[in-house]
Structures are given as C-alpha cells and as structure tokens.
Amino acid sequence: MPEKSSDGERVDERFREEMESILMFQQDILEAVVRGDPEKQLVERVCTLEEQLVPGAVASVMLFDRKNQSLKIYVAPSLPKEAFSKLENLRPGPENGSCANAVYSRMPVYVGNVLTDPRWKNLRSFARDYNLNACWSIPIRSEGNEIIGTFALSSFASRQPNRFQERVLGIGAHIIGIVLERSRREELLRLSENILRKIREAILVTDDEKKILFLNEAFSNLTGFSESELAGVRVDNDTLPFFRTPLGDAIWKHLDTHGFWEGDVRKTRKNEEDYLEWLRLSAIQNESQKTTHYIAISSDITTRKADESRLDFLAHHDPLTELPNRVLLRERFEQIVDAVRSEGTSLAVLVMDLDNFHLVNSSLGHVSGDLLLVEVSRRLSHLVGPSNMVGRVGGDMFLAIVEGERGGMEAVEVVERIADSFRAPLVVEQCEIFTSVSIGIAFYPENGKTYEEVVRNADRAMACAKSEGKNTYRFFLPSMTVDVSDHLRIHNSFRQGLERNEFILHYQPQVGVFSRKVEAMEALVRWDHPEMGFLYPKRFVPVAETTGMIIPLGEWVLREACQQASRWNAQGFRVPVSVNISGIQLRRKNFEATVLDALAWSGLSPELLELELTETMLLEENDLLLKSIARLKEIGVRLAIDDFGTGYSNLAYLKRFNADKIKIDQIFVHAGSQNPDQQGIVRMIAGIAHVLGLSAVAEGVETSHQMEYLVEIGIDSIQGNFLSKPLDRVSCEEYLLRYCERSGRDF
C-alpha cells in the first residue's frame, strides 16, 4: 500500500487540528467546572474560547424571558456595554435579527450579510453602529427542550459558517444550556458532573495517584466498563484489557513532562474487542503547580479510520476488479524509475485491451461483462506475478508494469504467458467465454522519459496490434507516432471516453434582466481527452453525429444534467437546467422515452428541465415529433428555440410546438453592439417573442455595452461571459450560493 497523498495527509491533519481544538475547548470548560467557577464566569469563558476558535467573531449569550416574551443580553465579553441596553426587551420575530429569529423559528439561524438579509430588517441601524456584517445564532435549550436563550457568533465580515464553525457553535450552545439549566436547580458540583456525563466524548477523571474517581456514560458505552467496576482502579493497571497498550509507559512519561498527551491508541473493550481511539490526556494542577487530577477525553475512531482506509483504497484501486488504478500504477512506475536509474534494470509498460469485449456486453449483458472483467483481472494478476503490478485503467483496458534485469526479456515472457493463457476460455456464470488480448509494449527510458510518454507509446503499440488482426502484441516503434487526423483520433477514442467518464458538464447561467435572478443553467459538454487535452463541442460533436456516438453522448448529457438539477433542487436551488438536443436524437422513436427515463432516474421535476432545439430541427416536423413534444410539454417540460434567426424563422412552428423561449443567436447580439442599425433585428425578434407570449434570451453577451442596449430593447434574459463563463459543477454551486439566496443582489 503506498503512502497517503499529500491531499490525504492535509485532510487528516486538518481533522486532527479541528478535533484537538474541540477537545481542548471542552477540556478547558471541564477544568473550569472542576474548579467550581461561577455560572456567569463559565458562560463568559465559553464565549472567550469560541472567539478564539472562530477568529474575528464576537460571542454573545441572550436569555429568553418566557413571561415577558423577550430577550436580553446576559454575557457578551467583547461587545460594548452600551450595546446591551439597545437590545433590551428584544422580541422574537422574523425580522428582529438572528437571535430573535432563532427563538421565533426554534432553529439555528446563519445570516451571512445582516445589511441585506430580510431577517435583520429591524436591526440594521444596530448592525451599522457596531460594524456587524454577519451573525450566526443557535437556540440554547433546557433539558426539557425548551428554549431558554440564544448563543451567537457575530462577525465584522460577511461570511457563512463552515462545518467546523457550525459544530463549535452547537457545542457552545449545548454547554451553555447545561450550565444555565443546572445552575438554577442544583449546586455547581452537581452541574459539573452532569456536563461530564452528558457530553458525547468518553471522559475519565483520576486523582493524582491515577485512581479512577469518575467516568461518564460515554466512557461506559465505549469500553463496556461501568463506573462501579472501575471506581478506585489505577489507570496504569495492566490486568484489565482496556488499559493494556504498548505505549503506556511512553504516554505517562510524556504526560508528566509536558502536562498533556494526545494521539491514536489501540484499545480493548471489556469483551476483548479491539478498537481505535483518539485520546487526549491532561494533568490538572493546583495553584502550587502540583498535579491533583488527570482527565482523559476520548472517542472511538474505528469506523472513521476504516472509512478512510476504504476511501484510500478506492482512490488507488478499481472498484470492480480491485486492481490498482491509474494513480497507483503511476506511483509504482515512479518508484521503479529510481531503481532503473541506479541499478540499470529494465522497465516495461504493457497496455492490454480485450478484443471484441463489446460483443459480450451486447449479447450477455453488462453484468456478465463485469464478471468477465473480474475473471480477466484474476488471470492477469496471476500471469504478471507478485513482483510486478497490473491494474485496470478503464473499460476493458489493463496496464502492467514489469521490471527486469535481462534487457526486457521478462516483459516478453509475461506477454507470451498472457497470450498462451487466453487460448483457454474464461468461465462466467457456468458459461465458457473465449476472448483474446491485444498488447502494446513500451520501455522506459527508450520509449519515453515520463510515465505519460511511455504509456501513450504503449497504447499506440496496442492500437497497432489491434489493427493488424488482434490477439497479438507489438513493441512500440517511432513510426507509430505519426499523427492521424483529429477526426480519426476522436472517432477511435469516443467509446472509451464515455466508458472512462472523460466527458464533463459545465453550466452557464441565464439571468433575468430585471429580476436579476438565475432563471436557468445551460448544460455544456466538454471532453477532458487524455491525449488531446480539453476539447470543446465544435471539435467532437460533428464526429459524434457522423458516427452515431451522438446518441449515447446525448443520453449521458441529458441524464447527468437532470441529476445535477435534482441535486440543486435538493439543496434549495430551484433552478431549471437547459439541455441541447441534436437532430439525430430528436428523430429517434425513443426520444420521448429517453427524456422520461432521465427524469425518472434523476427524480427531477419536469418543469425544471428545458430542451433546446434549433429552428432547422423543428422544420423537419412530423406527427410523431409533434406528439412527443406535446406530451413532454403537458407534463411540464419547457422548450427553447436555440440560435433563433439563423434558420428560416418560420413563426408557424413556434405556435405548433408551443415553445416557451426564443434564444437570439450571438451573431445578432454582437452585430447590434457594433452597428446600431443592426439592433433592429434583435428588437424585432424580441418583439415577436413578446407578441407570442415567449421569453427572449440574448446569447453570447460579453460586454457592458451589449448589456445596456439589450436592456433598452427589452430583452428578458441574458447569457454570456459578461455575467459568467461556463462553470464546472463546484464553481456552479458556489455561484448559486452567492446569487440565488439574494434575489436583490446586482449581477
């Protein structure tokens, strides 16, 4: 197993830092409780620590007077005292700020910009007076789940909390709630014990001789030991399974020297079950700096570590065959390269592709195809041998890295073993399947100075083996690097591109001119080609249309776009997705079924799907097409006419197909910005749209000048790089977060 990538290490380190911060926060409060600090001092300490955990934040606690139905500030260490009176008798309500809204809604309220959010309508002047721009508030609840106040973090900058900040806010509110509730009914000592018992993390307290004084329910749940079983037992007692750890002596030595210790420890429960624990030990000292107690806070991280291991495995292995994937193969290659340079050994890369694998999928089905790939992977693993590595790089393609000391003879022997082995059938579901393998071989450094070069040249050799009759192998020759036309290269790699998930969707927003709202997101396909780079539709769509690959590509785009829009909707962004449909797709008898299947598969509401068709497609109308479009329109699917004005512009089909939107081609948009006389065409198209009750959208808007004249003409919506370039999925979600929640924000 290779070492973790730097990204994985950073994620793990960030988790450790956050876990440490939370544990230290809880540790500090627990120590204050043990010391017997008064209630208000405890609450102030929580606020101070929260401000340290969330830099730039101002913490405050408000108490809710149930009799008068009002809030007032109880503790706010960093807020000027004169501010207290301004918030006296604050009534819960939807427009009285985050805290009043939290009580009113009984839910956490996260306001990222108090100057624009309607929930701060009645407190704008207060926010301006004290330069507040964001406020996150969470209800403080009693044990009976009654709201007794609020805990808030305000900020001088506009921002929303991340997951860590939400968690520490919730922990703070939870602890404050316990303090307030218990202090009114019981002694502080009783309060401290309840905090320890109710907290999620396992807690153990000992005296200075390491004899157990207290443990909470979480500790009992974690270890299986009750408080009565361990009362008075020394924690360095090796006779109990829980305390056995090879790090025991080192841990206590570090604890006595530095006052704390933290880390991962493998422990054993009472039932002899092993688990992995995140543990922080602290020595509590009195005013004379003498240790009086030890506190242990821990949590079970077995599942998380197992999940991390599984994720790490999946990051380096193919999920179907469990063979190494491209990432692990590359890492192995880089490791062996060092030995090749220093020891003069040989390094060969074998690219192997199953011959006629598509026939298995088409005749026996994809399940049998997957089972065949698993059997092939097992056979290849055995043939390549444990000293070498074989992996699956996508579809029916495998790659092996073979090291040797005899000038590449080892690679030849492996290839011949593979060729000989595949003369025998593979058995899948009691069915014998004969298949063969075409293999390309390239050597480092003779056939490439980098992993990419060697693999690319081995792939070229494999393609040569296939073209020469399959079921054979070829060594790479320099003559194989002669470039073929883009058309042929794209044609040959289209199917594999779909299988390898090389296609991606970007999204470009359509924004209402006057509403300033995102009215739709147009899905635009891109191809991240492993050899040719990042390809735009003009490079590959014509090839797809001439070869028939536009059908599976179009179906993939439709399903992927519907699924993404469904995700947006689940996140609270009810934004339609607009999908371009080709004429070939439209003419197929199963076009309507394809759309319905995509909607059903994704769970997307039909009204959130918009189909973009060109004028020329609709001019080829037939009864089947008319009925299909009509049925889709009946269930709510929207229809947009793309590139309007570049075809025959027959208005009759607009009525027959019941279109919702006209998209004015960017040719006319650009022409109008350069020559005012040309603006009449755009004005005319917009007028036609409005007469027919349609929306007019201008495409390709790139300048403020274009925007201005389009607004003057009366265009309803605009789309183009002036507002936003096409965005990948992550950037698109960030865009929606910025603009969809703030309908009044100016684009």
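For the sequence shown, position 341 (counting from the first letter as 1) is numbered 341 according to full-length UniProt numbering, and the numbering increases by one without interruption. Using N, Cα and C, we set each Cβ at its ideal position, and we do this for glycine too.
Secondary structure of Q285 (DSSP, three-state): strand.
In the structure shown, V390 falls within a strand segment according to DSSP collapsed to helix, strand and coil. When DSSP reads this structure, I439 sits in a beta bridge with M352 and Y473. By the Cβ neighbour-count rule, E410 is buried, with 16 or more other Cβ atoms within 10 Å of its own. When the five nearest sequence neighbours on each side are left out, the beta carbons in the same chain lying within less than 6 Å of the beta carbon of G583 are those of M617, in order along the chain. According to the DSSP assignment, C562 belongs to the alpha helix (DSSP H) that extends over I550 to A570. Boundaries of the alpha helix (DSSP H) harbouring V730: R729 to Y739, taken from the DSSP string. Residue nearest to S421 within the set I203, P108, V437 and M19 is V437 (criterion: CA-CA distance). Assigned with DSSP and collapsed to three states, R200 falls in coil, not helix or strand. Put simply, the region 544 to 555 touches the region 572 to 586. At least three CB pairs are less than 8 Å apart. Per DSSP, the continuous alpha helix (DSSP H) segment holding Y709 begins and ends at S704 to I713. A Cβ-Cβ contact shorter than 9 Å links V340 with P445.
DSSP places G687 inside the alpha helix (DSSP H), whose first and last residues are Q679 to V691. Excluding the 5 residues flanking it on each side, S137 has same chain C-beta neighbours closer than 6 Å at S98, C99, A102, V109, T150 and A152, in chain order. In this structure, R167 places its C-beta atom within 9 Å of the C-beta atom of I22.
Residues Y110 and G112 of the same chain have their beta carbon placed closer than 7 Å to that of Q160, with the five preceding and five following residues left out of the count. Between Y130 and A59, the C-beta gap is not smaller than 9 Å, which leaves the two residues out of contact. Counting the other Cβ atoms within 10 Å of the Cβ of F475 gives 16 or more, which makes it buried. Exclusion of the five residues before and after V454 leaves V349, A442, Y444, N447 and G448 as the residues of its chain whose Cβ lies within less than 7 Å of its Cβ. The three-state secondary structure of M107, taken from DSSP, is coil. With a contact defined as Cβ atoms closer than 8 Å, L613 and D642 qualify at about 7 Å. Within its own chain, the residues whose Cβ lies closer than 7 Å to the Cβ of R500, once the five positions on either side in sequence are excluded, are G394 and G395, listed in chain order.
Here V114 has W120, A127, L132, N133, A134 and C135 as same chain residues with Cβ atoms under 7 Å from its own Cβ, once five neighbours each way along the sequence are excluded.
By the Cβ-count criterion, W601 is exposed, with fewer than 16 other Cβ atoms from all chains shown falling within 10 Å of its own Cβ.
The beta carbons of S717 and V697 sit about 4 Å from each other, so the pair counts as a contact at 8 Å. From the listed residues I297, G172, F164 and L255, the smallest Cα separation to V205 is found for I297. Linking I199 to R304 through their CA atoms gives a straight-line distance of about 20 Å. Just so you know, the alpha carbons of D236 and I212 end up roughly 10 Å apart. Cβ contact annotation for G408 (same chain, cutoff 7 Å, sequence separation greater than five): S346, A348 and F443, in chain order. Taking all protein chains shown into account, M521 has 16 or more neighbouring C-beta atoms within 10 Å of its C-beta and is therefore buried. Counting only the Cα atoms, T472 lies some 52 Å from K627. Between the alpha carbons of L737 and S566 lies a distance of about 16 Å. Assignment of F503 by DSSP, reduced to helix, strand and coil, places it in the strand class. Note that the region 383 to 391 does not touch the region 506 to 522; fewer than 3 beta-carbon pairs, one per stretch, sit closer than 8 Å. In this structure, G391 lies away from L314, with their beta-carbon atoms at least 9 Å apart.
Here N68 carries a coil assignment [DSSP, helix/strand/coil].
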